[in-house]
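Mature numbering (1 follows the signal peptide of the UniProt record, and there is no 0) puts the sequence shown at residues -21 to -1, 1 to 275.
All residues carry an ideal CB built from backbone N, CA and C; glycine is no exception.
Data block below; observations after.
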Amino acid sequence: MKKNLLIIVFCTIFAVNNLSAVDNHAKHVILIGLDGWGSYSIGKAEMPNVKKMMTEGCYTLNKRSVLPSSSAVNWASMFMGAGPELHGYTEWGSQVPELPSRIVDEDGIFPTVFGLLHRADPKAKIGCIYEWDGIRYLVDTLALSYDKHVVEASADSTATARFAVEYIKQEKPDLLAVIFDQPDHVGHAVGHDTPAYYTKLKELDSYIGQIVQAVKDAGIWDETIIIVTADHGGIGKGHGGKTMQEMETPFIIAGKGIKKGHVIEESMMQFDVASTVAWIFGLQQPQVWIGRSIIK
């Protein structure tokens, strides 16, 4: 009898603790991605908004890209919780898997964090705002309630931030990804780790500041977690290789419940981003995912 009572008490405490953990999770996640942003640049870059997030949250400068260290394969891994061996997107501009995806979901795509949230809560407001049209092949657009390819960005570099600010204020999204196609273009045209590259990072930092302010203006700051990260870095005028300048990218996370000024010492890979977002929302990740949440 005492043994049974002990089991009941233990199970009750375990359930309450789990419920408490879920209740303490944020209700909103804003994921900001900068294409081609290498960790090597942090020390030299004038990015006050990003560096403020680093002091007010957790970060690592050692998150590694999957190979090849190029765009589509790494955005896919970031959204899909697994590497190219499983999701099948293997090249810079992959629009469909070159390898058969290990599994596909109801939408016919390898499971994404966007799809997981949509199935858990069909009324969730899920958005993706992006400059490179290659992103739309990787996010499961059927799970989105707002899908915005910012074609205006080619003529107006402020457009993406403007759309993000408007969407956040109007809709208060549960999950929003804002993906800038910079500083990658400057890296290819002029070179990574050049004065022009750092000028672009300073500009992008101002857009991040605008997005953060929009979250505050929307009245959801206290229930929001913001992530700033990248798909890959670069060296010279290119990327896709196996140098650490190409492989290591920042991961910065700040907001509700996140430790302040904490350096993440644990190993982190690109696919851990999806698992981290899934954990924040209390979602059960698919067995095929290999990512791990970087926060607990």
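### Message
At the level of alpha carbons, what is the spacing between Ser254 and Ser44?
### Response
15 Å
### Query
By Cβ distance, which residues of its chain are closer than 8 Å to Ala103, with the 5 residues on each side in sequence left out?
Leu96, His97, Ser124, Asp153, Leu154
### Query
From Asp160 to Glu110, what distance separates their C-alpha atoms?
6 Å
### Message
Can you look up Ala51 in the DSSP assignment and give me helix, strand or coil?
### Response
Correct three-state label for Ala51: helix.
### Query
Assuming Gly15 and Asp163 make a contact with CB atoms under 8 Å, what is their CB distance in whole Å?
3 Å
### Query
Buried or exposed: which applies to residue 279, given that a residue is buried once 16 or more other Cβ atoms fall within 10 Å of its Cβ?
The question about residue 279 has no answer here: the residues shown for the chain are numbered -21 through 275.
### Query
Glu227 bridges to which residues according to DSSP?
Arg43
### Query
How would you label Ser48, buried or exposed, when you count the other beta carbons within 10 angstroms and need 16 or more for buried?
buried
### Task
Would you mind reading off the limits of the alpha helix (DSSP H) that contains Lys216?
Element bounds for Lys216: n/a, residue is neither H nor E.
#### Entry: Boundaries (first-last residue) of the beta strand (DSSP E) holding residue 284
The chain is shown only over -21 to 275; residue 284 falls outside these bounds and no answer can be derived.
### Query
Out of curiosity, what's the CA-to-CA distance linking Gly36 and Pro265?
The C-alpha of Pro265 is placed about 28 Å away from the C-alpha of Gly36.
### Alpha-carbon spacing of Glu31 relative to Leu78, whole angstroms
In the sequence as presented, Glu is not what sits at residue 31; that position holds Lys. Whole-angstrom Cα-Cα distance: 41 Å.
### Message
Taking 8 Å as the limit between beta carbons, can you name the residues of its chain near Asp201, skipping five residues before and five after?
### Response
Lys235
### Message
Tell me the DSSP secondary structure of Thr203 in three-state form.
### Response
strand
### Query
Could you give the distance in angstroms between the alpha-carbon of Lys216 and the alpha-carbon of His171?
C-alpha of Lys216 to C-alpha of His171: approximately 6 Å in a straight line.
### Task
Let me know the beta strand (DSSP E) ranges lying completely inside the stretch 128 to 192, each 3 residues or longer, listed in chain order.
154 to 159
### Query
Would a C-beta distance cut-off of 8 Å place Val118 and Ala61 closer than the cut-off?
no
### Message
Just to confirm my understanding: we take Ala233, look at its own chain, exclude 5 residues before and 5 after, and list those with CB closer than 6 Å. What are they?
### Response
Met32, Glu35, Gly36, Ile205
### Identity of the residue in Asp100, Ile105, Val130 nearest Asp112 by Cα
Val130
### Stretch pair the stretch 241 to 253 + the stretch 68 to 86: three plus CB contacts closer than 8 Å
no
### Message
Can you check which of these residues, Asp100, Ile147, Trp71, Leu121, is closest to Phe89 by C-alpha distance?
### Response
Leu121
### Query
To which residues of the same chain is Leu40 closer than 7 Å at the C-beta, ignoring the five residues directly before and after it?
Ser18, Ile21, Glu227, Pro229
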